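For the sequence shown, the working numbering gives the first residue as 1117, with consecutive numbering after it.
Every residue gets a Cβ at the ideal spot worked out from N, C-alpha and C, and that includes glycine.
Every value quoted in this text rests on a predicted model; they were computed, and no experiment measured them.
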Amino acid sequence: MSGKLFIRTFGCQMNEYDSARMADVLRESRGYTLTENPEEADLVLINTCSVREKPQEKLFSELGRYKALKRKRPEMKIGVGGCVASQEGEAIGKRAPYVDIIFGPQTLHRLPGLLQQSAAASTPVVDIAFPAEEKFEELPAPKTASPVAHLSIMEGCSKYCSFCVVPYTRGEEISRPVADVLAEAIQLERQGVREINLLGQNVNGYRGVAPSGGLEDLAGLIRYVSKLKGIGRIRFTTSHPMEFDGRLIDAYARFDKLPSYLHLPVQSGSDSVLARMKRGYTADEYRDKIARLRRARAGISVASDFIVGFPGETEEEFADTLALVEDIGFDQSFSFMYSPRPGTPAERMEEQVPHDVKLGRLQRLQALITGQARRISAQMVNTSQRILVERPARRGEGLLAGRTGNNRWVNFDGPPSLIGRFVDVAITEALPNSLRGRLLPESLAA
Ligand code: SAM
Ligand code: F3S
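Printed below as a string of structure tokens:
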């Protein structure tokens, strides 16, 4: 059987990765091909996220669109996956009985079987179990046309930060064995991938079974992946500061395939807020780790995630966050207003911060970070930067686009044959969201 598959993805890189795996498994098992147009789809999947926004409302308004399509074409199937599915399960089917399948982040490999079951069922088929190891064993090899790929090295999170829903929707941390990660990395390398982003909710907690039988941590895994000749750049997302240890700092001194960029979510610069968040470190411990990192790798850009308006956050506590932002000199970062998540301890805390106070703080924080990031971009003008050429530029006829080590897009003039190669460019101009560059032809010889 073959048909057209439309996937709507909400949320983080992890969800993007999962959506790509859904496409893989349905292509291999049932010949489904992806379409950008839900009107022509035989199967519509919604991959939901419940980390921040109002996910239920978003899901049901999205479902409304596909319900109308299904009325016209009753043979069309609709599936809901991801974290909202994991949390709500059968309740989704009660409110939207036209949904055919409901599956969690850990059961997406079972999609072909679920589709088969739903053909004979009169109510939605639900499978939101947590068999993470099975998922990785059964997924087919990923297919990609891009020189940049994500590779999931672990699932779930066992940190239970008081604001976060992830441990409840994705389960506890489970690491893939080193050999499996390497086998996938080699397949990606053979398809022309040159940059790999090792993915997990908390990759610093990686403890994968090593070929020797012991356990390997993230630094050890990076050492293995860095041996692959075709892979020139290794990133990892997301890190937790508590487990960002000496071995990883040391990896920055040893492996130049790690770019001069680290995303290390701090959330707040106030010790009292960090304690209420159950983050397990203080602002000074964070400062100390970054100082050690900068001794191992001078000039490294540090990016972060922040939550403003956590329950009880005072103006003084927020000022501590602004002070930390200046001390570290954070580069482009993500900042969010605290959003109460059902079932988390922070949701039940008193002294929820009013929305307008949260918004005001968010704007002040973002203005500060944007100013710092623009200064970093401006300082890059007239320097030479190594970029991986990823694709034609979205704007600008004939231009190519690639990313620097510190995660900035550079648009420059060059032949399409450079896509998939590392080249050096001289940065000629810093724009608000990207850089302009000039190809340094000497680098083509390398
Ligand atoms: N593992 C990462 C870490 O060490 O913090 C975070 C993963 S989390 C899914 C991604 C980001 O979403 C967090 O860093 C946090 O800033 C934000 N986030 C999570 N829960 C949130 C909430 N309830 N309200 C606002 N932002 C939230
Ligand atoms: Fe969430 Fe904290 Fe884990 S933010 S994903 S519980 S490290």
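Please find out if some non-hydrogen atom of ligand 2 comes closer than 7 angstroms to the beta-carbon of residue i.
{"i": "residue 1282", "result": "yes"}
{"i": "residue 1097", "result": "No answer is possible for residue 1097: the residues shown for the chain start at 1117 and end at 1562."}
{"i": "residue 1318", "result": "yes"}
{"i": "residue 1273", "result": "yes"}
{"i": "residue 1276", "result": "yes"}
Determine the extent of the alpha helix (DSSP H) in which residue i is found, giving its start and end residues.
{"i": "residue 1200", "result": "1198 to 1204"}
{"i": "residue 1179", "result": "1171 to 1188"}
{"i": "residue 1437", "result": "1431 to 1444"}
{"i": "residue 1296", "result": "1294 to 1306"}
{"i": "residue 1339", "result": "1334 to 1342"}
{"i": "residue 1400", "result": "1399 to 1412"}
{"i": "residue 1474", "result": "1471 to 1496"}
{"i": "residue 1389", "result": "1387 to 1393"}
{"i": "residue 1523", "result": "That residue, residue 1523, is in no alpha helix (DSSP H); it is neither H nor E in DSSP."}
{"i": "residue 1160", "result": "Run containing residue 1160: none in the alpha helix (DSSP H); it sits in the beta strand (DSSP E), 1159 to 1164."}
{"i": "residue 1242", "result": "Residue 1242 -> not in any alpha helix (DSSP H); beta strand (DSSP E) instead, spanning 1241 to 1243."}
Thinking residue i and residue j are a contact (beta carbons under 8 angstroms), I'd like their distance in whole angstroms, please.
{"i": "residue 1274", "j": "residue 1283", "result": "6 angstroms"}
{"i": "residue 1250", "j": "residue 1294", "result": "Not really, about 18 angstroms apart at Cβ, beyond 8 angstroms."}
{"i": "residue 1141", "j": "residue 1194", "result": "Incorrect: roughly 17 angstroms between the Cβ atoms, too far for contact."}
{"i": "residue 1263", "j": "residue 1506", "result": "6 angstroms"}
{"i": "residue 1202", "j": "residue 1220", "result": "4 angstroms"}
{"i": "residue 1313", "j": "residue 1353", "result": "6 angstroms"}
{"i": "residue 1301", "j": "residue 1267", "result": "6 angstroms"}
{"i": "residue 1385", "j": "residue 1441", "result": "7 angstroms"}
{"i": "residue 1374", "j": "residue 1350", "result": "6 angstroms"}
{"i": "residue 1363", "j": "residue 1335", "result": "4 angstroms"}
{"i": "residue 1532", "j": "residue 1508", "result": "7 angstroms"}
{"i": "residue 1512", "j": "residue 1527", "result": "6 angstroms"}
{"i": "residue 1422", "j": "residue 1437", "result": "7 angstroms"}
Ends of the beta strand (DSSP E) at residue i?
{"i": "residue 1087", "result": "Residue 1087 lies beyond the residue range present for the chain, which begins at 1117 and ends at 1562; the question has no answer from this structure."}
{"i": "residue 1501", "result": "1500 to 1508"}
{"i": "residue 1313", "result": "1311 to 1315"}
{"i": "residue 1421", "result": "1421 to 1424"}
{"i": "residue 1153", "result": "Where residue 1153 is concerned, there is no enclosing beta strand (DSSP E), given that its DSSP letter is neither H nor E."}
{"i": "residue 1545", "result": "1538 to 1546"}
{"i": "residue 1379", "result": "1377 to 1379"}
{"i": "residue 1319", "result": "Here residue 1319 belongs to no beta strand (DSSP E), and DSSP marks it neither H nor E."}
{"i": "residue 1264", "result": "1264 to 1268"}
{"i": "residue 1121", "result": "1120 to 1125"}
{"i": "residue 1555", "result": "1551 to 1555"}
Taking residue i as the reference, give the member of the options with the closest Cα.
{"i": "residue 1339", "options": "1365, 1357, 1144", "result": "1365"}
{"i": "residue 1060", "options": "1390, 1321, 1329", "result": "Residue coverage of the chain in this structure runs from 1117 to 1562, which leaves residue 1060 outside it and unanswerable."}
{"i": "residue 1470", "options": "1430, 1164, 1161", "result": "1430"}
{"i": "residue 1536", "options": "1542, 1513, 1560", "result": "1560"}
{"i": "residue 1239", "options": "1245, 1247, 1246, 1230", "result": "1230"}
{"i": "residue 1521", "options": "1509, 1551, 1529", "result": "1551"}
{"i": "residue 1198", "options": "1335, 1232, 1158, 1243", "result": "1243"}
{"i": "residue 1541", "options": "1555, 1534, 1531, 1297", "result": "1555"}
{"i": "residue 1172", "options": "1204, 1158, 1403", "result": "1204"}
{"i": "residue 1285", "options": "1457, 1534, 1515", "result": "1457"}
{"i": "residue 1225", "options": "1137, 1158, 1271", "result": "1137"}
{"i": "residue 1307", "options": "1315, 1344, 1261", "result": "1261"}
{"i": "residue 1492", "options": "1304, 1241, 1547, 1330", "result": "1547"}
{"i": "residue 1490", "options": "1256, 1187, 1545", "result": "1545"}
{"i": "residue 1310", "options": "1345, 1328, 1500", "result": "1345"}
{"i": "residue 1297", "options": "1232, 1337, 1432", "result": "1337"}
{"i": "residue 1278", "options": "1391, 1461, 1434, 1444", "result": "1461"}
{"i": "residue 1404", "options": "1200, 1443, 1427, 1252", "result": "1443"}
{"i": "residue 1189", "options": "1169, 1177, 1210, 1156", "result": "1156"}
Is any heavy atom of ligand 1 found at a distance shorter than 7 angstroms from the C-beta of residue i?
{"i": "residue 1381", "result": "yes"}
{"i": "residue 1168", "result": "yes"}
{"i": "residue 1434", "result": "no"}
{"i": "residue 1223", "result": "no"}
{"i": "residue 1452", "result": "yes"}
{"i": "residue 1354", "result": "yes"}
{"i": "residue 1524", "result": "no"}
{"i": "residue 1502", "result": "no"}
{"i": "residue 1455", "result": "yes"}
{"i": "residue 1269", "result": "no"}
{"i": "residue 1443", "result": "no"}
{"i": "residue 1279", "result": "yes"}
{"i": "residue 1128", "result": "yes"}
{"i": "residue 1421", "result": "yes"}
So with Cβ pairs under 8 angstroms, would you call residue i a contact of chain C?
{"i": "residue 1203", "result": "Here there is only one protein chain, and chain C is not present."}
How do the stretch 1199 to 1215 and the stretch 1169 to 1186 stand: do at least 3 beta-carbon pairs fall below 8 angstroms, yes or no?
yes
Count the C-beta pairs between the stretch 1118 to 1138 and the stretch 1146 to 1163 that are closer than 8 angstroms, then say yes if the count reaches three, no if not.
yes
Please determine if the stretch 1399 to 1417 and the stretch 1471 to 1488 are in contact, where contact requires at least 3 C-beta pairs separated by less than 8 angstroms.
no
Under 8 angstroms: do the stretch 1414 to 1432 and the stretch 1376 to 1386 share three or more Cβ pairs, one atom per stretch?
yes
Please determine if the stretch 1395 to 1402 and the stretch 1365 to 1374 are in contact, where contact requires at least 3 C-beta pairs separated by less than 8 angstroms.
no
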